Amino acid sequence: MIYFTSDNHFWHANVIRFCSRPFSSVEEMNEVMIKNWNDIVKPEDTIYCLGDFSLAARPVEDYTKRLMGTKYLVPGNHDFCHSYNKKSRSTENMAKWVAKYEEWGWKVLPEQTTLDIPGVAIVNMCHHPYTLTGIGDDKYEKWRPKDDGRWLLCGHVHAKWKVVDRMINVGVDQWDFKPVAITEIEKIICSFNTK
Numbered sequence: 001m002i003y004f005t006s007d008n009h010f011w012h013a014n015v016i017r018f019c020s021r022p023f024s025s026v027e028e029m030n031e032v033m034i035k036n037w038n039d040i041v042k043p044e045d046t047i048y049c050l051g052d053f054s055l056a057a058r059p060v061e062d063y064t065k066r067l068m069g070t071k072y073l074v075p076g077n078h079d080f081c082h083s084y085n086k087k088s089r090s091t092e093n094m095a096k097w098v099a100k101y102e103e104w105g106w107k108v109l110p111e112q113t114t115l116d117i118p119g120v121a122i123v124n125m126c127h128h129p130y131t132l133t134g135i136g137d138d139k140y141e142k143w144r145p146k147d148d149g150r151w152l153l154c155g156h157v158h159a160k161w162k163v164v165d166r167m168i169n170v171g172v173d174q175w176d177f178k179p180v181a182i183t184e185i186e187k188i189i190c191s192f193n194t195k
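With our numbering applied, the sequence shown covers 1 to 195.
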């Protein structure tokens, strides 16, 4: 089975307040998300994290090994291996961070990539949405993908919306802090395609 997630923000205490997450502490949030992930994702499964796994390196190293499945990362602006992140603004630093994430258990994909969902669609995947519907400030405009008419799986917007236009937000804030199965993505796309 294939799963998707985004915007875990492991060990980021302020995200609890910023996004009104229902946790009393960052430790509780971390452990609930790890349990939710491992209750759903099995060792033989594949999971794509569409960015912002953590704002710090230590949680990436420590928590990745506790999580089931083959893990692919489409980097988000808070991941050290994203070109927006100040730690990766040189080619040398980017290569260093990609190697670190891979050493810790991730397969790092390009910041904008595609996935073929057979019989359904070829979808784009990026941390950032095509447009910032419901957000306002567009300081990430350079990193947003060009809308080519395909469906986009993204994150970044936290609890702002789940589905808008041809964009599906796979962030944990919209999916009860759990990974979302590809079957749910297929249902959303197919329901729009039959309208």
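For each residue, glycine too, the CB sits at the ideal point set by N, CA and C. Note that the structure is a prediction, hence the values are computed from the model and not measured.
Residues sharing a beta bridge with residue i, DSSP
i                : result
valine 123       : Leu115
valine 180       : Phe4
methionine 167   : Leu152, Val164
phenylalanine 10 : Ser54
Assumed close pair residue i, residue j - CB separation to whole angstroms, cut-off 8 Å
i                : j              : result
isoleucine 47    : proline 179    : 6 Å
valine 206       : threonine 5    : Nothing about residue 206 can be reported from this structure: the residues present for the chain run from 1 to 195 only.
phenylalanine 23 : proline 59     : At roughly 15 Å, the Cβ-Cβ gap does not stay under 8 Å, so phenylalanine 23 and proline 59 are not in contact.
leucine 77       : tryptophan 143 : Residue 77 is actually asparagine in this sequence, not leucine. Yes, they are in contact, since the Cβ atoms of asparagine 77 and tryptophan 143 sit about 7 Å apart, within 8 Å.
isoleucine 202   : glutamate 186  : The question about residue 202 has no answer here: the residues shown for the chain are numbered 1 through 195.
methionine 68    : serine 83      : Going by Cβ atoms, the distance from methionine 68 to serine 83 rounds to 29 Å, so no, they are not a contact pair.
threonine 131    : isoleucine 122 : Going by Cβ atoms, the distance from threonine 131 to isoleucine 122 rounds to 20 Å, so no, they are not a contact pair.
aspartate 52     : glycine 149    : No, aspartate 52 and glycine 149 are not in contact; Cβ-Cβ is about 26 Å, not under 8 Å.
aspartate 7      : valine 172     : 6 Å
Delimiting residues of the alpha helix (DSSP H) encompassing residue i
i                : result
valine 98        : 91-103
phenylalanine 53 : Per DSSP, phenylalanine 53 belongs to no alpha helix (DSSP H) and is neither H nor E.
proline 59       : 57-64
aspartate 39     : 26-40
Own chain partners of residue i with C-beta closer than 7 Å, once the 5 adjacent residues on each side are dropped
i                 : result
valine 108        : Leu73, Pro75, Cys81, Val98, Tyr101, Glu102
methionine 29     : Ile16, Arg21, Phe23
alanine 181       : Met1, Tyr3
phenylalanine 177 : Val32, Met33, Asn36
glutamine 174     : Ala159, Lys162
cysteine 19       : His158, Ala159, Asp173
Cut-off 8 Å between Cβ atoms - residues of its own chain near residue i, not counting five sequence neighbours on either side
i            : result
lysine 65    : Trp104, Gly105
glutamate 92 : none
alanine 13   : Ser25, Val26
alanine 57   : Phe80, Lys100
cysteine 190 : Val120
Boundaries of the beta strand (DSSP E) in which residue i is found, first to last residue
i              : result
tryptophan 232 : As shown, the chain starts at 1 and ends at 195. That puts residue 232 outside it, with no answer to give.
tyrosine 48    : 46-49
tyrosine 72    : 70-73
Cβ neighbours of residue i in the same chain (closer than 6 Å, five flanking residues each side left out)
i             : result
glutamine 112 : Cys126, Pro145
arginine 166  : Trp151
tyrosine 63   : Phe10
Residue i: CB within 7 Å of a non-hydrogen atom of the ligand ZN
i          : result
valine 164 : Inclusion of the ligand ZN in the displayed structure is not the case, the ligand content being empty and no account of it being possible.
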